[in-house]
Amino acid sequence: MRVDIEKVDSYDEERAVLSLVEVTESIQSAIDVLENNCRVISARHEGTTVVCRIDKIYYIESVDKRTYIYTKDQCLETQYRLYELEDILNHNFCRVAKAMIVNIRKIKSVKAEFNGRLRAKLLNGEQVIISRSYVKKLKERLGI
């Protein structure tokens, strides 16, 4: 895709014009950023309902029939099930285990484990295990 940038004199003249064959998820994400319409998910933190921006999510885990959203420094609980979140989330998220979805943009590195699994180190320092049945899909998404 070719990107053309034109300098203008005032903020009132700023605009973005996109010439597209179709609006893909990545294009829609770029549009959301340009329009400051980042998608959010409602969650609870310490008894208070909060909105969590999707781009701030590192991973989502289901434990004991509860779903938790992990950001850089918070753990939030949401009412959604993992299969519902898969429909809501964009292409940057990938199921890596029966009970976990990870934001592939937050993966710093991956390392092979002895039994066919992968260990992913996230940008916040946490490590998550990718189950054997999801390794191939994740590798494809990461381009490795």
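So the sequence shown is numbered by the UniProt record's numbering: it starts at 1 and just counts up by one. Glycine residues also receive a C-beta, built at the ideal position from the N, C-alpha and C atoms.
Specify the secondary structure class of residue i as computed by DSSP and reduced to three states.
i, result
"Ala-112", "strand"
"Lys-121", "strand"
"Ile-60", "strand"
"Val-21", "coil"
"Val-8", "coil"
"Val-128", "strand"
"residue 150", "Residue 150 is absent from the structure shown; the chain starts at 1 and stops at 144."
"Ala-16", "coil"
"Arg-2", "coil"
Whose C-alpha, out of the options, is nearest the C-alpha of residue i?
i, options, result
"Ala-16", "Leu-34, Val-23, Ile-57 and Thr-24", "Leu-34"
"Gly-143", "Ser-109, Ser-131 and Ile-129", "Ser-109"
"Lys-111", "Lys-137, Glu-6 and Ile-130", "Ile-130"
"Leu-18", "Arg-141, Met-1, Lys-65 and Phe-93", "Met-1"
"Glu-126", "Tyr-134, Asn-92 and Ile-57", "Ile-57"
"Glu-113", "Glu-140, Arg-132 and Lys-98", "Arg-132"
"Arg-66", "Leu-20, Gln-28, Asp-32 and Gln-79", "Gln-79"
"Val-3", "Ala-30, Glu-13, Asp-9 and Asp-12", "Ala-30"
Looking at the strands, I want to know which residues DSSP matches up with residue i.
i, result
"Ala-43", "Val-50"
Flag this pair as touching only if the region 120-131 and the region 95-105 have three or more C-beta atom pairs under 8 Å; answer yes or no.
-> yes
Mind listing, in chain order, the continuous alpha helix (DSSP H) runs of no fewer than 4 residues lying wholly within the region 65-107?
-> 82-88
Counting pairs of Cβ atoms below 8 Å between the region 39-53 and the region 78-90, do you hit three or more?
-> yes
Could you say if the region 44-55 and the region 70-83 meet the contact criterion of at least three C-beta pairs nearer than 8 Å?
-> yes
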